[in-house]
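The structure appears right after this line, and notes come after that.
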Amino acid sequence: MNISEGSTMGQHWYTTLVSELRVTVDWLPPPIASVLLLCLVAFIAMMFGRVITSAIPRLPGLRRITVIHDIADNLRNYVRGLLMIIAASAALPATEGFSPTTDYVLGKTFACLFIMTLGFGIIRAFRLGTNRYLERITRRESVDDIVVRSHQTQIRVLRRLIEITFGVVVVAAALMVFPAVRQYGISLFASAGAASLVIGLSARSVFSNLIAGIQIAMTQPIRMEDMLILNGDWAWVEEINATYVVLRTWDRRRYIVPISYFLENPFQNWTHSSPSLIGTVFLWLDYQTPVSRVREIFYEELAKCPDWDKDRSQTGCQVSDSSTNSITLRLIAAAADANGMWNLCCDIRERILERLRHEMPETLPRGRTAIVPGTPDESAWPASLISPPVNRPDQGAYKGPDISGKPSQGPGSIAAPG
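Each residue of the sequence shown is one higher than the last, beginning at 65 in the working numbering.
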């Protein structure tokens, strides 16, 4: 038996079924009987599709194949809808009591629904396939995180653009089934000079964002889960849509930013080349601080931090600045990602301050006051707190403080730093 013979047998079987159903409702008025016939045929097709979509994943050779289960779960409604539309449209010639206009409108409606159901089913299958691909890429431990996020960005952005474009084509093709809409489309194309200008001006921002989305997918100045600095806030790229980007801040706020912003304005991307980041901790300590000992404490405590990436080439402890009352130590260390970098900075700051407070409290910042000879209450202060007089003669160079304790030879005494 060839394919044509099988098709003929199937058509004959279906015609017989419709005829038998038509006889069962023949006692009703013709219009009501026809409507009931179409509903019965659609219901039988829906039950048949339900049996198919439920039985296929349970077959012995397909039970362990997760792809089959995903396809059945995501496309079952589209399969049932297609079967219902096909069954109803095939049974339409067997109906009676409808006017020619009603038959014509029903036929065009079934054709429109068929195109839309098939088109959106293809979109759903395309989304399912891309999701499976992204899951497989994510599960591969050997792939660098940058590669994974690059694939995620490209797939998500291009997928939305393809879905929007294909969806517009499907809806246009479905509506073109009706002659009135087709004639309107032809007349619209005939007058496309003024219409295209008006539409282009009104939708300029939408088109610019769509084009920017394509550029983002190709050049990738931002990727999924990149860490950016926007308006002074740390934010992670949570979602990249066709026309806008959703940024998630550390306190769970969301920035909704037009996607063209990232092509027209400068911004900071801390994870563009690598997710690894270097954290910086500043400590303001006293001038009496033994920097070498603080450096030893830093490396001792850094080895105990779980967020440190063990890269000693990116660590350091240096005196980066000094002021009137204190010196500034800059501590740097690297972590695997932004969250680890923040936790590492907080952790190492707490650990070192705890060690300094217990082992070297003299390193903590303090204020100093010096009492010099010549004040009214000089005798009330201990000698250790009084600075020596300044030897500033009327003529000649300054020779420093007079450590012999003799009275100042200058015109007066001044305060000297302790």
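The beta carbon of each residue, even a glycine, is placed where N, CA and C say it ideally should be.
Remember, predicted model here, so these are calculated numbers, not experimental data.
{"Asked": "Integer Cβ distance of isoleucine 132 from valine 221, believed to fall under 8 Å", "Found": "29 Å between Cβ atoms; not a contact."}
{"Asked": "Identity of the residue in Ser163, Asn333, Lys172, Ala152 nearest proline 243 by Cα", "Found": "Lys172"}
{"Asked": "Whether methionine 288 touches glutamine 216 by CB criterion (7 Å)", "Found": "yes"}
{"Asked": "Under 7 Å between C-beta atoms of leucine 192 and asparagine 141", "Found": "no"}
{"Asked": "Isoleucine 280 - DSSP class collapsed to helix/strand/coil", "Found": "helix"}
{"Asked": "7 Å Cβ cutoff, leucine 395 in contact with chain B", "Found": "Annotation note: the requested chain B is absent from the structure, which comprises a single protein chain."}
{"Asked": "In DSSP terms, what serine 386 is bridged to", "Found": "Ile391"}
{"Asked": "Unbroken alpha helix (DSSP H) run spanning leucine 428, endpoints", "Found": "That residue, leucine 428, is in no alpha helix (DSSP H); it is neither H nor E in DSSP."}
{"Asked": "Beta-carbon proximity list for threonine 379, same chain, < 7 Å, skipping 5 on both sides", "Found": "Leu366, Ile396, Ala397"}
{"Asked": "Phenylalanine 253 (DSSP reduced to helix, strand or coil)", "Found": "In this predicted model, phenylalanine 253 has a pLDDT of only 49, less than 50, meaning its place in the structure is not dependable enough to derive any value."}
{"Asked": "Beta-carbon contacts of cysteine 176 that lie in its chain and below 6 Å, excluding the five residues immediately before and after", "Found": "Ala238, Val241"}
{"Asked": "Cα-Cα separation, glutamine 218 to asparagine 195", "Found": "12 Å"}
{"Asked": "Cβ-Cβ distance between tryptophan 348 and threonine 392 below 7 Å", "Found": "yes"}
{"Asked": "Beta-carbon proximity of alanine 402 to leucine 341, cut-off 7 Å", "Found": "yes"}
{"Asked": "Rounded separation between methionine 405 and valine 212 - CA only", "Found": "21 Å"}
{"Asked": "Length-filtered (4 minimum) alpha helix (DSSP H) runs lying within the region 307–381", "Found": "325–328, 355–366"}
{"Asked": "Through-space distance from glycine 431 to valine 301, alpha-carbon basis", "Found": "46 Å"}
{"Asked": "For glutamate 302: DSSP bridge partner residues", "Found": "Bridge partners of glutamate 302: none, in fact."}
{"Asked": "Glycine 231 versus phenylalanine 184: straight-line alpha-carbon distance, rounded", "Found": "7 Å"}
{"Asked": "Beta-carbon separation (whole angstroms), proline 285 vs tyrosine 308, contact threshold 8 Å", "Found": "That pair is no contact at about 15 Å."}
{"Asked": "Range of the contiguous beta strand (DSSP E) that encloses leucine 294", "Found": "291–294"}
{"Asked": "Helix, strand or coil at isoleucine 186 [DSSP, three-state]", "Found": "helix"}
{"Asked": "CB-CB length for alanine 483 against isoleucine 120, believed under 8 Å", "Found": "The structure shown does not extend to residue 483, since the chain is modelled only from 65 to 482, so the question has no answer here."}
{"Asked": "Nearest to arginine 413 (by Cα), restricted to the options Pro93, Ile187, Val358, Phe190", "Found": "Val358"}
{"Asked": "Cβ-Cβ distance between alanine 151 and alanine 106 below 7 Å", "Found": "yes"}
{"Asked": "Environment of isoleucine 304 [buried if 16+ CB atoms lie within 10 Å]", "Found": "buried"}
{"Asked": "Contact belief for alanine 306 with leucine 274 at Cβ below 8 Å, rounded distance in angstroms", "Found": "6 Å"}
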